[in-house]
């Protein structure tokens with residue numbers, strides 16, 4: 001969206017990147033065996049804004065991302081990930097139309113933290129199970145009673161994956177890669193354990 005997003009909201013992208021050939025190719029064999037490297041995948045990471053380059057998208061802490069594509073020339077996305085925007089920001093109809101188009105064509109649509117507000121505004125959540133930050137779940141239930149709001153770290157309903165607050169996006173990301181690429185055991189196991197990936201239980205059993 002054309003607004004500021006928290007850096008940790010898009011952190012799951014790095015979990016995916018760890019499974020890519022571009023990440024593993026230059027790793028020394030003493031760390032990444034031939035078996036691990038053979039399980040890496042071709043991945044293209046696309047950053048999209050309404051107008052595309054050379055403009056920039058803002059993240060918190062003064063960071064910026066230069067988009068690779070605009071809404072007009074963005075290729076079909078296999079996986080779409082959207083983080084939150086600032087409180088009070090109103091996505092434009094152009095933005096919502098792009099979200100609807102992307103949702104229809106993608107294999108997986110992921111929202112992290114308050115990013116769930118965007119597909120909600122786009123009318124994509126009616127009748128679906130979803131979650132969001134725990135501190136606004138009651139407000140979301142009142143705002144959209146047609147959505148089955150669940151108090152969990154992450155929720156999957158078909159292609160839709162939603163998470164709680166920003167760090168729950170990493171819980172979701174770990175569950176996501178294990179669901180779709182769990183057969184790549186050597187590579188995934190090394191990344192999960194070596195990288196100390198977050199992968200807590202889906203329920204808030206520890207109260208946090």
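Residue numbers (UniProt numbering): 1 to 208. For glycine and all other residues, C-beta sits at the position ideal for the given N, C-alpha and C.
{"Check": "Buried versus exposed, by CB contacts within 10 Å (16 or more), residue 193", "Outcome": "exposed"}
{"Check": "Rounded separation between residue 171 and residue 73 - CA only", "Outcome": "32 Å"}
{"Check": "When 163, 17, 59, 186 are compared against residue 199, the one with the closest alpha-carbon", "Outcome": "163"}
{"Check": "Nearest-angstrom beta carbon gap, residue 127 and residue 104 [assumed within contact, 8 Å]", "Outcome": "About 16 Å; that fails the 8 Å criterion."}
{"Check": "Three-state class that DSSP yields for residue 155 in the structure shown", "Outcome": "strand"}
{"Check": "Which listed residue (149, 7, 152, 197) has its alpha carbon closest to that of residue 62", "Outcome": "7"}
{"Check": "Proximity to residue 47 [Cα-Cα], best of 35, 70, 87, 108", "Outcome": "70"}
{"Check": "Sub-7 Å separation of residue 52 and residue 75 beta-carbons", "Outcome": "no"}
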